[in-house]
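Residue numbers (my numbering): -6 to 316.
Now the structure itself:
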């Protein structure tokens, strides 16, 4: 095995650890491998297993994105027992340079490197080139970030925007809010706009119609909605898209994101055709006196396979991104 001049990039969550190699200064991925986190005692062993699998001794530079807070020296994953320090990982892998970023920071940077075939525009115009952009993605949770142009680079904004309050817009929203308030007290938008959030919506609508819920997993709700076998599932998925439109529009106004909006995460690509026919765009633009402002803003649905890895590669050589 050889020591490579390539750099290591990774996108590590609760279930999977995705790795790839990139040339310095490039976002073109090679040797993409996905490993199951449960198969390895720690991140060091997972990285070494990756090196063994692709036939290299190691690397000198790495940027790894983790699904957890990354501001401290000690990194403790949220849905994964792995825990390590920056210094211990750098030493264990023999690195001269190590960047550690949040997974949604990497996701945001990945949006800037999408190929034309990796994004689908959903309304709006071309967007203002150097203006702020919004990145929002429902998956296991709801990630929210912004991209701000600084000199020749883009700065991804660290955000906990998924935890803002859910603000009902119509009577059905109020009914949904009451259902969730009785269970959770405070109702954040993430309680609705993630995998479990889709189940929460379905259960709220089932209760409202005095129907015994049939599904407990997001994939079951999605399947029933796409096949139109349960009207509550169809309504839950449409309401999911509508609320996402409202929340994305609110964030556009807050950030001044006239450069456009990127939609990412694991849910939307699976329901692409349903989403593109949904009330998302109507809700996105429904901002009263600012309808004209919203109508011009482009929204892109990301359908890329590895945007997190591409974003980690972009973060590695972006001097504006701390890690």
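Backbone N, C-alpha and C fix where the C-beta goes; we use that ideal spot for every residue, glycine too.
1) Measuring only the C-alpha atoms, how far is residue 244 from residue 6?
2) Assuming residue 215 and residue 230 make a contact with CB atoms under 8 Å, what is their CB distance in whole Å?
3) From which residue to which residue does the alpha helix (DSSP H) around residue 176 run?
4) Taking the alpha helix (DSSP H) that residue 319 falls in, what are its first and last residues?
5) Which residue from 62, 54, 29, 25 puts its Cα closest to that of residue 47?
6) Expressed to the nearest angstrom, what Euclidean distance is found between the alpha-carbon atoms of residue 123 and residue 316?
7) Measure the CB-CB distance between residue -1 and residue 14 and report whether it falls below 7 Å.
8) By how many angstroms is the C-alpha of residue 281 removed from the C-alpha of residue 247?
9) When you compare each of 39, 135, 269, 172 to residue 296 by their alpha carbons, which one comes out closest?
10) Strictly by DSSP, which residues pair up with residue 114?
11) Across the region 197 to 212 and the region 154 to 172, are there enough close Cβ pairs to call them in contact, namely three or more that are closer than 8 Å?
12) From residue 36 to residue 163, what does the alpha carbon distance come to, in whole angstroms?
13) Using the C-alpha atoms, what's the distance from residue 102 back to residue 220?
14) Within 10 Å of its beta-carbon, does residue 160 have 16 or more other beta-carbons around it, so buried, or fewer, so exposed?
15) Are residue 276 and residue 58 closer than 7 Å when you measure CB to CB?
16) How would you write the range of the beta strand (DSSP E) that residue 29 sits in, first residue to last?
17) Looking at C-beta atoms only, is the number of pairs between the region 107 to 115 and the region 126 to 139 that lie closer than 8 Å three or more?
18) Where do the N-terminal and C-terminal ends of the beta strand (DSSP E) with residue 146 fall, by residue?
19) By the three-class DSSP mapping on this structure, what secondary structure does residue 70 have?
20) Pull up the distance between the alpha-carbon of residue 18 and that of residue 147, whole angstroms please.
21) Count the other CB atoms, across all protein chains shown, that sit within 10 Å of the CB of residue 90; report buried if there are 16 or more and exposed otherwise.
22) Determine the contact status of residue 302 and residue 11, defining contact as a CB-CB distance below 7 Å.
With the given structure in hand:
1) 25 Å
2) Sure, about 7 Å apart at Cβ, within 8 Å.
3) 164 to 177
4) Any answer about residue 319 is impossible in this case: the structure gives the chain only from -6 up to 316.
5) 25
6) 24 Å
7) yes
8) 15 Å
9) 269
10) In DSSP, residue 114 forms a bridge with 293.
11) yes
12) 46 Å
13) Cα to Cα, the separation comes out at about 35 Å.
14) exposed
15) no
16) 23 to 29 is the span of the beta strand (DSSP E), which, as asked, contains residue 29.
17) no
18) 146 to 150
19) Three-state DSSP puts residue 70 in coil, outside helix and strand.
20) 15 Å
21) exposed
22) yes
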